[in-house]
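Chains as they are written, first to last, in this note's numbering: chain A, 4 to 506; chain B, 342 to 700.
Note that beta-carbon positions come from the ideal geometry of N, C-alpha and C, so glycine has one too.
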Amino acid sequence: MGILDRIFGNHWGVHPDDRKRPAADLPLRRLPMPAHLYVPLQQHIGAPARPVVLVGQRVLKGQLIAEAQGATSAAIHAPSSGTVSAVGEITAPHASGLPVPGITIACDGEDRWLEAADIPADPFALEPAEISRRIAAAGVVGMGGATFPSALKLTLGKKSGISTLIINGGECEPYLSCDDRVMRDFAVDVVDGIRLMLHASGATTALVGIEDNKPEAIAAMKQAAASFPEIRVCPVPARYPMGSEKHLFSALTGKEVPADARTTDLGVLVHNVGTAAAVHDAIRNGRPLVERIVTLNGGAWRAPGNVVVPVGMLVSDLIAVAELKEQPARLIMGGPMMGTLLPSAIVPVVKGSSGVLALTAAEAADGDAQPCIRCSSCVRACPVGLLPLEMSARIRNEDYAGAVDLGLKDCIACGCCAYVCPSRIPLVQYFGHAKGELAARDRTKLRNDATKRLVAARAERLERETKEKAEAAARRKAERAKQKAAEAAAAAAGAQADSETTA
Amino acid sequence: MNTLATTATPIASPHAHGGAGVSVVMLKVMAALAPATLYGFWLYGWPAVHLWFITVFAALLGEAFCLRLAKRRAMPVLLDGSALLTGWLLALSLPPWAPWWLGAVGGLFATVVGKQVFGGLGQNLFNPAMVARVALLISFPVAMTAWVAPLPLTSAGAPGFLDGLLITLSGAANLDAVSSASLLGHAKAELSRGVDLLQSLSGDHLAHFLSYSGARPGSLGETAGLLIAAGGIAMIAMGIISWHIPAAMLAGIAIPAAIGHAVDPARYLDATAHVFSGAALLGAFFIATDYVTSPNTRAGQLVFGLGCGLLTYVIRTWGGYPEGVAFAVLLMNALTPAIDRLMKPRIYGRNRKGASLPL
């Protein structure tokens with residue numbers, strides 16, 4: 004940080020109490036397989052996958068049950084062996100509690116893997132495109148929570164000329180330690196996954212950014228990467244939201260991503276450490292992404308820690324085996340800063356679920372909103388450089404255009420502003436509301452424009468038709484007149500002939 | 342919650358909070374203000390204590406009255422501590438032996454006209470305590486400039502609890518006996534008589550007016566300057582305020598004062614006298630730093646503080662009043678929306694004008 008930045012206070016983000024330990028230090032646990040798994044068909048950004056199994060069909064763990072549909076989509080595999088018991092709808096792990104299409108599997112308890120075929124002896128001999136194809140076939144998506152199909156990202160990266168791969172091991176959200184655990188327990192796999200992604204994307208170096216509150220993970224990763232000079236492990240200061248793609252990029256490169264560009268435009272591709280481990284599993288073991296490490300944390304869990312959970316396991320089944328010691332005030336999927344409030348526990352864990360937090364009332368820190376005292380804590384906390392207090396004042400008055408002028412569209416919804424607000428104003432709620440309103444307005448405008456176009460086209464068509472009709476009528480009239488004239492002429496000629504003959 | 346039942350109201354993230362609260366902030370400010378206030382009580386005795394209570398009570402009363410008019414519950418709002426703090430700051434800027442009605446009118450004016458008329462906490466454009474102080478100064482110039490020399494509680498002639506109450510309620514029997522001018526008032530009066538500063542502030546005089554232990558005439562917040570500064574530094578250390586406004590404001594006073602004094606010591610007071618006189622320290626640390634009425638970026642706060650300091654110096658030196666902190670702060674309050682408009686933080690990935698950075 005430069006001296007000018009110090010004087011003008013251009014620091015960003017917050018330093019929340021991370022509350023990662025003791026959960027982060029406990030060994031990884033495996034839970035007994037539940038009786039049923041509820042696998043949503045949309046666990047990624049893009050189109051939902053298309054089911055390729057029928058009700059009653061036997062499936063093995065890792066067998067394809069729904070294939071990617073369209074360019075941006077991801078395949079879904081059976082998370083355990085059993086029978087397909089339903090292809091229907093499942094409540095989404097989202098605050099709305101709306102249903103999404105999904106496949107239900109009745110587990111047989113054997114958890115038997117599909118025999119992996121065609122494991123390459125040396126994946127580095129494969130074409131980069133073939134690596135990406137295999138990653139896509141394994142249904143790997145961004146494990147940091149954004150769940151963008153990883154293979155697509157690598158392919159797009161290859162096209163736009165990537166030189167550097169940034170591996171996000173920031174894990175800046177409080178409470179969560181699933182990435183920490185991946186790096187500590189599977190550092191060798193992560194490093195192998197990084198090398199495979201370097202090969203697939205064409206990048207020459209990889210920077211692994213890890214917050215310095217995870218010394219064990221840094222040590223494990225440094226050791227695993229020691230013999231690969233192209234992979235550099237870079238500790239970064241623990242500060243939220245360090246895990247934001249653009250902020251980690253800036254912390255590691257010292258550069259800034261222009262507002263209307265992506266890191267790929269600057270030759271940098273960002274992937275999560277969990278994704279690297281999933282890529283390793285997909286290529287080296289032929290195993291698709293069917294389970295993940297989930298952090299159970301928060302004061303209401305009896306035994307917080309990290310567990311390996313099959314995709315599709317209900318949170319209520321997690322609670323049944325991992326147990327709560329008290330009724331939580333809030334159940335959260337993800338971290339406390341950006342995670343989703345769960346409408347109930349009857350929702351499945353998905354590929355992007357980093358944690359299930361059961362927060363007590365004291366942790367959830369509920370409180371009534373008070374008037375803004377303009378303390379500008381939010382202005383200093385905002386990692387993007389926005390004026391949350393001014394934006395929320397505009398939004399309260401439904402002046403969405405004013406909020407956009409102040410930079411609403413640059414807001415990353417990280418929650419720093421609401422975290423520091425002494426008046427406990429739900430600022431993120433305001434911004435989410437305004438973004439939703441604006442999106443609805445844009446949709447309405449599109450529809451209105453389309454309607455307007457159709458109306459205009461109809462009017463034009465009607466006009467054209469009337470004109471054509473008139474022209475046709477005029478033509479017919481003219482023809483009739485001509486015909487009449489001809490007839491008259493003929494009659495006259497006949498008459499003359501008659502008169503001539505009579506004459 | 343029942344983990345199996347569906348909750349009715351979705352709550353937006355974040356689901357954690359840093360623990361800051363409005364009343365916590367106000368309490369910390371009061372804690373920082375307490376040492377200077379208690380020391381002032383000791384210096385000026387019971388009349389000052391009574392005046393403080395009356396002013397604070399009037400401020401709370403004004404707030405409660407307006408909340409009742411608006412049909413809102415008064416107690417939760419009163420408990421946020423902001424009205425109490427407004428009354429407190431006003432009391433610190435009054436002459437310690439001022440009559441009760443000065444505190445009462447001031448306290449009511451501060452919360453009713455200075456704050457609630459604008460819509461309550463966070464809505465006011467001007468600092469409520471300074472609005473009230475200026476209103477009092479313009480309406481009752483004599484009462485507002487009747488300073489007394491300190492008469493510590495433990496000294497022989499100090500009024501007791503009842504005598505003090507009598508002084509506050511009906512005025513001092515012979516105020517002339519104890520009255521004295523403050524440094525700024527004295528300097529201005531002497532200069533206007535044609536007596537230059539070298540004579541009017543020679544020797545013992547300056548010691549009388551510029552005692553760091555506070556044994557000098559002035560308001561509660563003026564005399565205990567060092568304790569005010571200590572409280573302010575404690576607030577900076579606690580992260581309640583930043584150093585930007587106080588440093589800029591004191592620099593805005595001290596730099597022109599030092600230049601003026603170097604050019605003509607007979608005409609211009611030196612920087613130390615300026616910084617330790619009047620409400621400079623109270624203003625820099627506790628008044629100008631009011632969240633509601635100051636800019637919201639660090640750069641804006643530097644401009645704001647500098648403006649407060651420079652205007653204070655200009656009013657003190659060339660204006661009609663010996664002291665100018667209240668006027669300076671109000672003038673800069675009026676400029677705060679403009680400063681906020683012009684000095685926005687730079688958005689990530691964009692230049693100052695809001696256009697995307699070049700690739």
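Interface flag, residue i vs chain A, CB-CB below 7 Å
i	result
B/Ile-600	no
B/Val-390	no
B/Tyr-689	yes
B/Cys-407	no
B/Asn-637	yes
B/Gly-593	no
B/Pro-355	yes
B/Val-633	yes
B/Asn-674	no
B/Val-363	yes
B/Val-472	no
Member of the options whose CA lies at the smallest distance from the CA of residue i
i	options	result
A/Leu-67	A/Lys-487, A/Pro-82, A/Gly-160 and A/Arg-184	A/Pro-82
A/Met-316	A/Phe-252, A/Leu-269, A/Arg-24 and A/Pro-43	A/Pro-43
B/Leu-643	B/Asp-605, B/Gly-690, B/Ser-583 and B/Ala-599	B/Ser-583
A/Ala-120	A/Leu-57, A/Lys-23, A/Ser-426 and A/Arg-290	A/Arg-290
A/Gly-148	A/Gly-105, A/Ile-165 and A/Leu-179	A/Leu-179
B/Pro-436	B/Gly-580, B/Leu-652 and B/Leu-384	B/Leu-384
B/Thr-378	B/Val-536, B/Val-365, B/Leu-567 and B/Gly-505	B/Leu-567
Whole-Å CB distance - residue i paired with residue j, under 8 Å assumed
i	j	result
A/Ile-134	A/Leu-199	6 Å
A/Pro-177	A/Asp-21	5 Å
B/Gly-562	B/Ala-620	6 Å
A/Ala-280	A/Val-193	5 Å
A/Asn-400	A/Gly-358	That belief does not hold up - the Cβ atoms of A/Asn-400 and A/Gly-358 are roughly 37 Å apart, past 8 Å.
B/Met-576	B/Ala-373	5 Å
B/Gly-422	B/Leu-368	6 Å
B/Phe-645	B/Ile-680	6 Å
A/Pro-425	B/Val-616	Wrong, their Cβ atoms sit about 31 Å apart, outside the cutoff.
A/Ala-332	A/Ala-364	4 Å
Residue i: contacting residues in chain D (beta-carbon distance under 8 Å)
i	result
B/Gly-359	Structure shown: chain D not included; protein chains present are A and B.
Paired residues, beta bridge with residue i - DSSP
i	result
A/Arg-265	Paired residues: none, contrary to the question.
A/Ala-89	A/Thr-107
B/Ser-697	B/Arg-691
A/Pro-516	Outside the shown range of chain A (4 to 506) lies residue 516 of chain A, about which nothing can therefore be said.
B/Asn-468	Note: B/Asn-468 sits in no beta bridge, so no partner.
A/Val-239	A/Glu-214
A/Ile-79	A/Ala-69
A/Trp-116	A/Lys-64
A/Gly-358	A/Thr-298
A/Gly-308	A/Leu-299
Cβ of residue i within 7 Å of any chain B Cβ
i	result
A/Ile-376	yes
A/Gln-60	no
A/Ala-459	no
A/Pro-429	yes
A/Asp-445	no
A/Leu-449	no
A/Met-4	Low local confidence applies: a pLDDT of 43 at A/Met-4 is under 50, so the model's placement there is unreliable, with the coordinate-based value given in what follows. Not closer than 7 Å to any Cβ of chain B, the Cβ of A/Met-4 fails to qualify, so no.
A/Arg-333	yes
A/Glu-468	no
A/Gly-435	yes
Neighbourhood of residue i by C-beta, 7 Å cutoff - its chain only, sequence neighbours within 5 removed
i	result
B/Leu-449	Ala-399, Leu-402 and Gly-403
B/Val-633	Gly-463 and Asn-465
A/Ala-220	Gly-172, Asp-183, Met-186, Arg-187 and Ile-213
A/Gly-418	Met-340, Met-341 and Val-431
Same chain, Cβ closer than 6 Å to residue i, neighbours up to 5 away in sequence not counted
i	result
A/Leu-528	Outside the shown range of chain A, which is 4 to 506, sits residue 528 of chain A, and nothing can be said about it.
A/Ala-95	Leu-101 and Val-103
B/Arg-639	His-585
A/Ala-495	none
A/Glu-259	Ser-253
Chain-order list of residues whose beta-carbon lies under 8 Å from that of residue i (same chain, five-residue window excluded)
i	result
B/Ile-688	Gly-695
A/Pro-429	Ala-372 and Ala-421
B/Leu-671	Phe-467, Asn-468, Met-471, Val-472 and Val-475
A/Arg-507	Any question about residue 507 of chain A goes unanswered here, given that chain A covers just 4 to 506.
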